[in-house]
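Q: Sequence order for the protein chains is A and B.
Every number in this note's numbering is 1131 more than the matching position in the first sequence, counting from 1.
Every number in this note's numbering is 7 more than the matching position in the second sequence, counting from 1.
In this text, a Cβ means the ideal position worked out from N, Cα and C, and glycines have one as well.
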Amino acid sequence: MKIAISTSGEDLSAPVDTRFGRAPRFLIYHMETGTFSLKENKQNLNAAQGAGIQSAACVCEEQVDAVITGNCGPKAFAVLDAAGIKVYTCGSTAISEAIDQLRQGQLHPADEANVEGHWV
Amino acid sequence: MKIAVASGKGGTGKTTLSCAMAFAAQEKVTLLDCDVEEPNSHFFIRPEIEHQEQVFRPVPAVDETKCTGCGECARVCQFNAIVTVNGKTLVFNELCHSCGACVRICPTGALHEVDQPIGQIETGRRDHVRFVSGRLDVGQAMSPPLIRRTLEQADAESLTIVDCPPGTSCPYVTAVKACDAALLVTEPTPFGLHDLKLAVETIRDLGVPFGVAVNRMTEEKNPIQAYCEAEGIPLLIQIPEDRRAAEAYSRGEPINTVMPELNERLAQIPEQLKAMI
């Protein structure tokens, strides 16, 4: 199972970025092997509009099964949902801690976006 | 001739000035309310509405039986309004600018344009003023298509005054660039000057000749005059701060009824702008 975690850091000790659409990068974590890679998201950081949509497309390219982030808006959620990617939201904890929480079943997949869109 | 009444800042008196100019004009005049997100010139013109029409804009719709999920449409979209994931194409209409690129590029013809209602245009009349007003539907985010349709109602033969949307972004540019000249309304405060500078920068890029109107002028020293002199911008009218104007506004009356001394000045503005073209 592969997970994309929104972050501005570069390793597992960095905090989860509470923004999904405008997260500077995603840490792609492999549950089975415990290894990770980084996926830059800079092109969407400064998008005039639709950052959530494009960030969702960006993690879809990585063929992940789930996303861990702070907040996920309605359009990003719609895209991730269409791609069959589960969305887990958590506070601004360290990535390693968020992964532990997921392993222990403390995080629950969201049924819908937990924040409103910025373009309503 | 089409004159845009614009400003970088909201609440400076665009509608007050547009309506006052329309009433002061000695000829037939058309007033276009292009501040479609919050049109309010009808409060002052009080026209008899003769006609109302619905306005639509084209947005893409996906035929899933034809879509192969190739993602060409998402690649060509400059506005992040389309995305393809796992072979599925999702369209976000509220981000779509109706440019039509996705429909043209689709290799399998899976996309076609459908009309989405975005607002209404009302037309009416009062005395020598023909009145046209666009009104964007609640929840719609894209105003330029409706602004363009409202602008189409301009009268080529006579004077047209365009009450523009505030700010200096797409709605302002859409309205101002369609006009022959512009009157930038500001107020004699540091905020007014700041936003006037933004409006001036934008309008210079558009190449539309313009002059400035200062609303709520007081005896105090203000930075607008010095700025206009330094930049060589003609200051076409200064409307004094006057309780009568505020009272007229709150009753929904144009300021000319309470400050008739302004009429002559107001009627000259179109001529002065015409000389600048």
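1. May I ask you to report which of helix, strand or coil DSSP gives L1211 (chain A)?
2. With C-beta atoms as the reference, is T23 (chain B) less than 7 Å away from N47 (chain B)?
3. Quick check on Q1185 (chain A) - is its C-beta less than 7 Å from some C-beta in chain B?
4. How should H1161 (chain A) be labelled, buried or exposed, when 16 other C-beta atoms within 10 angstroms of its C-beta is the threshold for buried?
5. Strictly below 9 Å CB to CB, what residues from chain A border N100 (chain B)?
6. Could you tell me which chain A residues have their CB closer than 8 Å to the CB of N93 (chain B), listed as they occur along the chain?
7. Look at the Cβ atom of C1132 (chain A), then the Cβ atom of D1212 (chain A), and state whether they are nearer than 7 Å.
8. With C-beta atoms as the reference, is A27 (chain B) less than 7 Å away from L273 (chain B)?
9. For the putative contact between C109 (chain B) and I125 (chain B), defined by C-beta atoms under 8 Å, what is the C-beta separation to the nearest angstrom?
10. So A88 (chain B) contacts chain A; which residues on that side make the cut at Cβ distance below 9 Å?
11. Among the candidates A:Q1185, A:V1218, A:T1166, A:L1169, whose CA atom is the shortest distance from the CA of G1201 (chain A)?
12. Do we get a CB-CB distance below 7 Å when we pair E71 (chain B) with the residues of chain A?
13. Strictly under 7 Å for the Cβ-Cβ distance: is L190 (chain B) near chain A by that measure?
14. Measure from the C-beta of L97 (chain B) to each C-beta in chain A and report whether the shortest distance is under 7 Å.
15. Could you give the uninterrupted runs of the alpha helix (DSSP H) lying entirely in the stretch 196-257 of chain B, keeping only those of 4 residues or more?
16. Should A1183 (chain A) and A1154 (chain A) be called a contact, given that it needs their Cβ atoms to be closer than 7 Å?
17. Once DSSP output is grouped into helix, strand and coil, what is the label at Q1237 (chain A)?
18. Compare the C-beta of G1236 (chain A) with all C-beta atoms of chain B and state if any pair is closer than 7 Å.
19. For V1251 (chain A), which three-state DSSP category applies?
20. So which residues on chain B does A1229 (chain A) lean against when the C-beta distance must stay under 8 Å?
21. What are the residues of the stretch 1142-1154 of chain A that lie near chain B, defined by any Cβ-Cβ distance shorter than 8 Å?
22. Using a Cβ-Cβ distance under 7 Å, would K1206 (chain A) count as near chain B?
23. How big is the Cα-Cα spacing for N1175 (chain A) and S1186 (chain A)?
24. Counting pairs of beta carbons, one from the stretch 30-38 of chain B and one from the stretch 142-150 of chain B, are three or more of them closer than 8 Å?
25. Which term fits K16 (chain B), buried or exposed, when burial requires 16 or more other beta carbons within 10 angstroms of its beta carbon?
26. Excluding the five sequence neighbours on either side, which residues of its own chain have a C-beta within less than 6 Å of the C-beta of F217 (chain B), listed in chain order?
27. Just mark G20 (chain B) as buried or exposed, buried being the case when its beta carbon has 16 or more other beta carbons within 10 Å.
28. Taking 7 Å as the CB-CB cut-off, is A1225 (chain A) touching chain B?
29. Using a Cβ-Cβ distance cut-off of 7 Å, determine whether A1188 (chain A) contacts chain B.
30. Can you give me the Cβ contacts of L97 (chain B) inside the same chain, cut-off strictly under 6 Å, excluding the 5 residues immediately before and after it?
31. Considering only their Cβ atoms, is the gap separating L166 (chain B) from M8 (chain B) smaller than 7 Å?
32. What's the call for V136 (chain B), buried or exposed, on a 16-neighbour Cβ count within 10 Å?
33. Exposed or buried, what is I307 (chain B) when buried is set at 16 or more other beta-carbons lying within 10 Å of its beta-carbon?
34. Are the stretch 67-79 of chain B and the stretch 162-178 of chain B touching, with three or more C-beta to C-beta distances below 8 Å?
35. Among B:T196, B:T264, B:R156, which one has its Cα closest to the Cα of T181 (chain B)?
A: Judging by the given coordinates:
1. helix
2. no
3. yes
4. exposed
5. The premise fails here: N100 (chain B) is roughly 11 Å from chain A at the closest Cβ pair, so nothing lies under 9 Å.
6. C1191, A1213, A1214, G1215
7. A quick correction: the sequence has Met, not Cys, at residue 1132 (chain A). Not in contact: M1132 (chain A) and D1212 (chain A) (Cβ atoms no closer than 7 Å).
8. yes
9. No, C109 (chain B) and I125 (chain B) are not in contact; Cβ-Cβ is about 19 Å, not under 8 Å.
10. Q1180, G1181, I1184
11. A:V1218
12. no
13. no
14. yes
15. 197-213, 230-238
16. Residue 1183 (chain A) is actually Gly in this sequence, not Ala. Contact flag unset, no.
17. coil
18. no
19. Confidence at V1251 (chain A) is low in this model, with a pLDDT of 46, below 50, so the placement of that residue should be treated as unreliable; the coordinate-derived value is given next. Three-state result, V1251 (chain A): coil.
20. Here the premise fails: no neighbours, minimum Cβ distance about 24 Å.
21. none
22. yes
23. 7 Å
24. no
25. buried
26. A189, L191, I210
27. buried
28. no
29. yes
30. V90
31. yes
32. buried
33. Because chain B here runs from 8 to 284, residue 307 (chain B) falls outside it and cannot be looked at.
34. no
35. B:R156
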